[in-house]
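In our numbering, each residue carries its 1-based index in the sequence shown increased by 27. Ideal Cβ positions, reconstructed from N, Cα and C, are used throughout, including at glycine. Notes to accompany the following structure.
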Amino acid sequence: MLAPNPQCQHMVVHNNIRRLVLKVLSVDANPTLTNIQDLHEYLNHPQRIDIVYGEIIARVQQEKTHSPIVMQRALKQLKSLLVRYVPSSATLQEIDRFCIDLSQTREDLQGTLLYIRSIIHSNRTKLMPKTFGKGAFIPPPPVILVPPSPSSLSQSDTSKSRGHQFNRSHPELLSFNTKSRPGTPKGSDAKEASIQ
Numbered sequence: 028m029l030a031p032n033p034q035c036q037h038m039v040v041h042n043n044i045r046r047l048v049l050k051v052l053s054v055d056a057n058p059t060l061t062n063i064q065d066l067h068e069y070l071n072h073p074q075r076i077d078i079v080y081g082e083i084i085a086r087v088q089q090e091k092t093h094s095p096i097v098m099q100r101a102l103k104q105l106k107s108l109l110v111r112y113v114p115s116s117a118t119l120q121e122i123d124r125f126c127i128d129l130s131q132t133r134e135d136l137q138g139t140l141l142y143i144r145s146i147i148h149s150n151r152t153k154l155m156p157k158t159f160g161k162g163a164f165i166p167p168p169p170v171i172l173v174p175p176s177p178s179s180l181s182q183s184d185t186s187k188s189r190g191h192q193f194n195r196s197h198p199e200l201l202s203f204n205t206k207s208r209p210g211t212p213k214g215s216d217a218k219e220a221s222i223q
């Protein structure tokens with residue numbers, strides 16, 4: 028007895044999911060409870076989650092009549108499923124791009140699309156620790172301290188700062204000797220110069 032071919036099994040599962048998504052997003056009839064339960068059954072297998080989301084997006088993109096029913100049902104499924112079943116980072120990025128492209132042509136869906144994108148952002152945050160490994164330390168973003176430029180300081184603050192540093196570095200010069208400066212008036216000449 029020949030062993031089942033894994034590739035053939037994968038194709039069978041993929042085709043079953045595609046047919047199921049067509050029923051859930053059908054234009055003609057509402058999805059049955061059995062259809063919804065079967066869809067959740069596939070989503071309970073982590074290796075099939077990405078396939079389900081990929082088929083939902085493909086169904087909307089392949090809709091030739093631009094039926095609002097298909098669009099509404101697809102977005103409704105995305106809102107409910109993304110909360111419970113988190114796909115891979117690549118699929119989250121694909122769904123996010125789908126929402127961005129759709130928001131450019133459907134202003135009436137802005138609120139729904141923003142809500143879905145908020146769920147996507149939350150799921151990306153949940154996936155981040157898994158990327159670094161369980162219990163791994165995730166370094167915070169670097170903090171760069173930029174000292175204030177001299178131009179940002181006022182002239183008075185600058186002069187006070189320089190004078191304080193100068194006095195601490197050269198305490199012996201605190202007693203200023205005017206005789207050490209050439210050309211400085213002496214005695215009565217100094218008084219006359221100060222009066223003039």
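Top-ranked residue by Cα proximity to residue i, from the options
i	options	result
residue 45	36, 68, 99 and 82	82
residue 56	146, 64, 97 and 73	97
residue 75	37, 151 and 107	37
residue 130	120, 117, 118 and 144	144
residue 89	49, 70 and 147	49
residue 149	132, 86 and 116	116
residue 65	152, 102, 87 and 40	40
residue 71	126, 109, 102 and 86	109
residue 120	69, 84, 107 and 135	84
residue 107	152, 67, 43 and 134	67
Cβ neighbour criterion (16 or more within 10 Å) applied to residue i
i	result
residue 104	buried
residue 54	exposed
residue 78	buried
residue 124	exposed
residue 139	buried
residue 35	exposed
residue 235	The displayed coordinates of the chain run from 28 to 223. Any statement about residue 235 would go beyond what the structure contains.
residue 51	buried
residue 111	exposed
residue 309	The structure shown does not extend to residue 309, since the chain spans only 28 to 223, so no value can be given for it.
residue 141	exposed
residue 132	exposed
residue 154	exposed
residue 61	exposed
residue 95	exposed
residue 113	buried
residue 118	buried
residue 183	Here the model assigns residue 183 a pLDDT of 49, short of 50, so the residue's position is not dependable, and the following value carries that caveat. By the 10 Å Cβ count, residue 183 comes out exposed.
The ligand PLP heavy atom lying under 7 Å from the CB of residue i
i	result
residue 56	This structure lacks the ligand PLP, and indeed carries no ligand of any kind.
Cβ-Cβ separation, residue j to residue i (assumed contact under 8 Å), whole Å
i	j	result
residue 243	residue 147	Residue 243 lies beyond the stretch modelled for the chain, which goes from 28 to 223, so this question has no answer here.
residue 102	residue 136	7 Å
- Query: Along the chain, which unbroken stretches of the alpha helix (DSSP H) at least 4 residues long are found entirely within the segment 114 to 144?
  - Reply: 116 to 130
- Task: Please go through the segment 41 to 65 and give each complete beta strand (DSSP E) segment of 3 or more residues, from N-terminal end onward.
- Result: none
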